[in-house]
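> For what it's worth, the working numbering labels the leading residue of the sequence shown as 729, then goes sequentially. From the three backbone atoms N, C-alpha and C, an ideal C-beta is built for every residue, glycine too. For clarity, every value in this text was computed on a predicted model and none was experimentally measured. Before I ask anything, here is the structure I am working with.
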Amino acid sequence: MPSSAHDPAGEPREPHGEETEGVPAAGQDGHGTTSQDAPTIQNAPTTHDGIAAQDAPTSRAGAVPAEDGAHTEHGTAAAPGAAGTTGAAGTAGAAAPNGQQPYTYAPPAALASMTPRHWWVPAVAGAAGYVGTVVGTVVAMLLTLLGALISGDSNGSLTEQLDDQIDDYTGTAPDLSGVSWFLSIPFQLAAMAALVPLRLSASFAGEGGNAGITVPQYFALVCGILAAWFVARALTKDVSVQTRAVQWVMAAVGGAVWGALALIVTAVTALRLDVPVFYSTVQLRISAVGVGLFVVLFLVGLLTVASALNVRSTQAAPGRLVIGAERSMPGVLQVLRPMVVQFCVFGAVAGLGLLIWAFVKGGAVAGFSAPFWLPIAVGWLFVLSLLSALTAGGAAATYTDLAGSSHAAYLWSEGAVPAWVVVLCILLALVSVVCAAVAWAHVRPVNQRIARNPVAWAVLPVAYFVLGLLAMWLLNVSGYASATSGSSQSAGFSLRPAGWTCLVFLLWGAVIELLARFVAPAFMGSLPAVVTRWLRGSERARGRAAVVASAAAMGGAVVAAAPAAASAAPAAASSAPSYPAAETARTEPVSAQRAYDGAAAPGEQTRVLPTYGDAQAAAEPQPREPMDPQKKKRIRLIAIIAGAVILLVVAAIIVFSVLSRTVFGPDNQAEELLQSVTDGKAKAVSEVADPNVSTGQRGLLTDEVYGAAENRVSSYEIKDTQIDGDHATVNATVTQDGVTTPVALPMVSDSRNGLFKSWRVDSTAGSELYQSFSVRIPGGVSELTVNGTKVPVDSQSDSHEEEFTVLPGDYDVSIASSGKYVTYGGDQVAQIRAGSQGSAPSMSFSASFTPVLKEDLTKQLNAKLDTCAKSTSFEPEGCPFSYSIFGDKKDYRNPSWSLERYPTYSVSSYGDHTTYSTDKSGEVRLDYQYNTEYDDDEPAKWKDKDTTSSIYGSGTVTVSGDKITVNSED
């Protein structure tokens, strides 16, 4: 109960009340003794009556403790300025024998009351906060690794995978498996909890560059806050925090230790790497050190430790700062509760939904890595569901393809989110708004004098406006890169709530204020008791808030003239959220200045200032009737069943996600495909992954052809799987002829195997395993020989080109000769490699003739010459030689042909036409008789003569199997 200068009978409680104006402070018995809840301070300066000096303002009727007041040795306080008391001596010590007052240094009251434990306890709490942040980071990393192991996406250690990534870009892989790597990364990631960027600095051959990324790690930060809070609470069980000043000094120590420790450890554990590149070395430095690291963690530690010490405070009544804030801005001390209630309601449901979505869509890796991304994702969704937007700047405007030229994305932009999800998110946001309104209706001041204050309408909307401003900073993900070479270049990106989010939140704050005033009171009493207690907070907190509101409504620090007023504060605490203490006392309040003057004006009526002790007494739980055992048993059974159902649902979702990614995931189809490729089973490959080509192009996709291919895929390895709805990409590597090549296998799910998706290779997207090559086939050829197997092809009269789809390997192609005269050349080999991106290889065959053709052609032509030589005609028909007679044919007789030399021939082919021609001419001799008698009346005079001529020949040759047909042009 509030202290009073008189007991109910009007008699002074102080034995020597006429000698001092001090009154018992809250929690004292009025006779100079200290109660159990108000610890004493030894060796405190005292008055001549043994009453300790106190810097809190008092009046003749009672004392009002201030935030920095010092307790006395005997539990009473001396009012400064009171006649006959030692106001100065209370701080400087006892007077000298000669009456003079020597000067003695006295530390501030807050520091004077602090013991060594008041210093090292918050320091330990601050250190525990940083350790908790690092532990939270390590837990998040281990969960991510566990998800990778469960989904089968982890091939080797994390450092080995990072080595591979660096090797892809630089051609050399650094060794990141050292102890320094594991001792550095957790501390650097933990520093990102302070909203500082993780920076990468590189220098190479006199040039350099810097890059950084900011992704707030709120999971690690929450772990640190919880660690600091519980350690501070546990270590201060026997510590008395006598004033608010002591509380905030201890909190500042905790924050300073947290920030300084984080700054030092982060700087010491900065990662330094030397990566060899092109006969040189790139020096890399990865660190998150920055000024903001200390500032942010100092503030976090300050507020965390102060909150933990709040329950340890023994200050009797609210101080001037608290009362002034509540009086000028009614309800400002309670605005956090509706905000926390709203975000908890929205975050719990939305976070669970996002987690389930991550497991279903992204698999175990996305789900178990939630500590890294889930808090920021929930915050973004909270902003979007309250009808604000996210804006992207820099490169993010391109990478995220956000809507419009302003690069702003709403929840419904471009149909990226299904319509039913948009509706559910907005409905969830509205439910959270209603919960915030009910919570605000429970805790906001309802005193009529305060209700008429126009400022009371603006407190909550302005608080939401400030929350919108903070959201733009707290929910910002950004990055930058800059080069310090000859021409300075830089780039960056950011993704954060839109600039008008604060205005949107301002409007929502006004809506919550209106709902709390006019709607929520109608059904506040109909809510379940558990919900009501959660929305309005603990009885202790409500009681203390009622005390502050009562003191503010009374005009500040005042005292009471009648003991009847002392009963007002308990009534105020017990009837929150209304404050009868302010409404019951109908007299005009004394101003704050008057209250601190130490005395009331003559005839002025005063009122009592409520104390926190009154709120604690009012908050004492009243005995209640024990619950019926059967009812308790039913409630326990229902709770167990509900909890078991929730656990089963969560477990079922996780098991379903894991099975969907492993047993029924696209990896299985990819592994079956690659195993068939390794085994040379082309038919099985084409059944699993249809090449989506014509029948003619599938001619080489047979087990006989591919099984006999050299340099096939000898081994494979599944690297990771990326799932996007009904589409997925399985990234793997195949080793062929000693060379390892990455391949991407597109997968699609268009059916289900029971509850699980059924995956197959997407034939429409193509596969890097399938390659092709073309063959030019001469006319008349009807089959090829590939890897020793005859493959039929379309036979055409003219040469044409055929294209074949094949799997990786070497293909030996030849065309068998159809007879002894024609050949198509030797074997040609097509080397097909997986993942080839260049033009398809090709080969060409053309017909050529064997020497037998020339031999047989020569024999046939010579035989014809022999036949011609037997002719007894000067002009043998169809022969390449003849003799032209000039004059009377009767003068020529007895022709006889003889071959002196056979000609030689050459054979030529032009396309599908084959010709022959004389390479070296032959020679034929003609013997005949000629009549030399010119007179026809005279007897003939026959004379033997002879002549020679050259033999030439040309024509076409038609080859049909082992038969040739010659068409001479003679």
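Look at V1024 and L1118 and say whether their C-beta atoms are less than 9 Å apart.
Their beta carbons are not under 9 Å apart, which means V1024 does not touch L1118 by this criterion.
> When burial is assigned at 16 or more other CB atoms within 10 Å of the CB, is G1253 buried or exposed?
The residue is exposed, with fewer than 16 neighbouring Cβ atoms inside 10 Å.
> CB I1692 to CB Y1549, shorter than 9 Å?
A contact, by the Cβ cut-off of 9 Å.
> Here's a check: name, in chain order, each residue in its chain whose Cβ is nearer than 7 Å to the Cβ of Q1524, leaving out the five neighbours to either side.
Correct list, in chain order: G1507.
> Is it buried or exposed, A1583, if we count other Cβ atoms within 10 angstroms and call 16 or more buried?
In the sequence as presented, Ala is not what sits at residue 1583; that position holds Glu. So E1583 counts as exposed.
> Would you mind working out which of L1012, F1532, G1683 sits nearest S1636, comparing C-alpha positions?
Considering only alpha carbons, the answer is G1683.
> If the criterion is Cβ atoms closer than 9 Å, does the pair Q1700 and N1038 meet it?
Examination of residue 1700 is not possible in this model, given that the chain is present from 729 through 1698 alone.
> Helix, strand or coil for H1641, going by three-state DSSP, please let me know.
Note: H1641 maps to strand in three-state DSSP.
> Would you mind listing the beta strand (DSSP E) stretches within the region 1465 to 1544 that are 3+ residues and don't spill past its ends, in chain order?
The qualifying runs are 1467 to 1481, 1484 to 1489, 1499 to 1505, 1511 to 1514, 1517 to 1520, 1528 to 1534, 1537 to 1542.
> In terms of DSSP beta bridges, what is R1653 paired with?
DSSP, once it has assigned bridges, lists S1626, T1676 as partnering R1653.
> Suppose you measure from the CA of G952 to the CA of V862; what does that come to, to the nearest Å?
Distance between the alpha carbons of G952 and V862 is about 8 Å.
> Hey, quick one: how far does the beta strand (DSSP E) through I1451 stretch, first residue to last?
1441 to 1452 is the extent of the beta strand (DSSP E) around I1451.
> Smallest Cα separation from D1395: which of L870, Q1464, G1091?
That would be G1091, whose Cα lies nearest to the Cα of D1395.
> Mind checking whether L1654 and D1672 have CB atoms under 9 Å apart?
In this structure, D1672 does not lie closer than 9 Å to L1654 by Cβ.
> Determine the burial state of S1688: buried for a count of at least 16 other Cβ atoms within 10 Å of its Cβ, exposed for fewer.
Exposed, since its Cβ has fewer than 16 Cβ neighbours within 10 Å.
> Does the beta-carbon distance from R1264 to R1065 come in below 9 Å?
Contact: yes.
> Can you tell me which of the three DSSP states P723 falls into?
Residue 723 is absent from the structure shown; the chain starts at 729 and stops at 1698.
> Which full runs of the alpha helix (DSSP H) of 4+ residues lie inside the region 1132 to 1172, going along the chain?
Segments of the alpha helix (DSSP H) lying fully in the region 1132 to 1172: 1147 to 1171.
> Where does G857 sit, in a helix, a strand or coil, going by DSSP?
Correct three-state label for G857: helix.
> Report yes if the CB atom of L1535 is closer than 9 Å to the CB atom of V1413, and no otherwise.
Taking 9 Å as the Cβ cut-off, L1535 and V1413 qualify as a contacting pair.
> Buried or exposed for I878, going by 16 or more other Cβ atoms inside 10 Å?
Buried.
> For the region 1032 to 1120, which segments carrying the beta strand (DSSP E) assignment without a break, of at least 3 residues, lie completely within its bounds, in sequence order?
Runs found: none.
> With V1694 and L1585 assumed to form a contact (beta carbons below 8 Å), what rounded beta-carbon distance in angstroms separates them?
At roughly 7 Å, the Cβ-Cβ gap stays under 8 Å, so V1694 and L1585 are in contact.
> How many angstroms separate the CA atom of T997 from the CA atom of A984?
Their backbone Cα atoms lie some 20 Å apart in a straight line.
> Give the straight-line distance between the Cα atoms of V1541 and L1512, rounded to the nearest whole angstrom.
About 7 Å.
> By DSSP's criteria, M1571 is part of a beta bridge. Which residues make up the other side?
Its beta-bridge partners are V1503.
> By the DSSP assignment, the alpha helix (DSSP H) with V993 in it spans what residues?
972 to 996 is the span of the alpha helix (DSSP H), which, as asked, contains V993.
> Should Y1644 be labelled buried (16 or more other beta-carbon atoms within 10 Å of its own) or exposed?
Per the 10 Å Cβ criterion, buried.
> Suppose you measure from the CA of S1510 to the CA of L1581; what does that come to, to the nearest Å?
Computed Cα separation, rounded: 22 Å.
> Checking the sheet assignment: what are the DSSP bridge partners for V1187?
Partner(s): none; V1187 has no beta bridge.
> Measure how close the beta-carbons of D1619 and Y1658 come, nearest whole angstrom, since I'm counting them as under 8 Å.
About 6 Å separates the two Cβ atoms, so the contact holds.
> Round the Cβ separation of A1575 and V1441 to the nearest angstrom and send it over; I've been treating them as touching at under 8 Å.
Rounded, the Cβ-Cβ distance is 36 Å, inconsistent with contact.
> For E1583, which three-state DSSP category applies?
In this structure, E1583 counts as helix in the three-state DSSP scheme.
> Please classify I1613: does DSSP put it in a helix, a strand, or coil?
Three-state DSSP puts I1613 in coil, outside helix and strand.
> How many Å lie between A939 and S1015 at the Cα?
Going by the C-alpha atoms only, they are around 11 Å apart.
> Which residues in the same chain as A856 place their Cβ atom closer than 6 Å to its Cβ, once the five residues preceding and following it in sequence are excluded?
The answer, listed in chain order, is A955, A956, V959.
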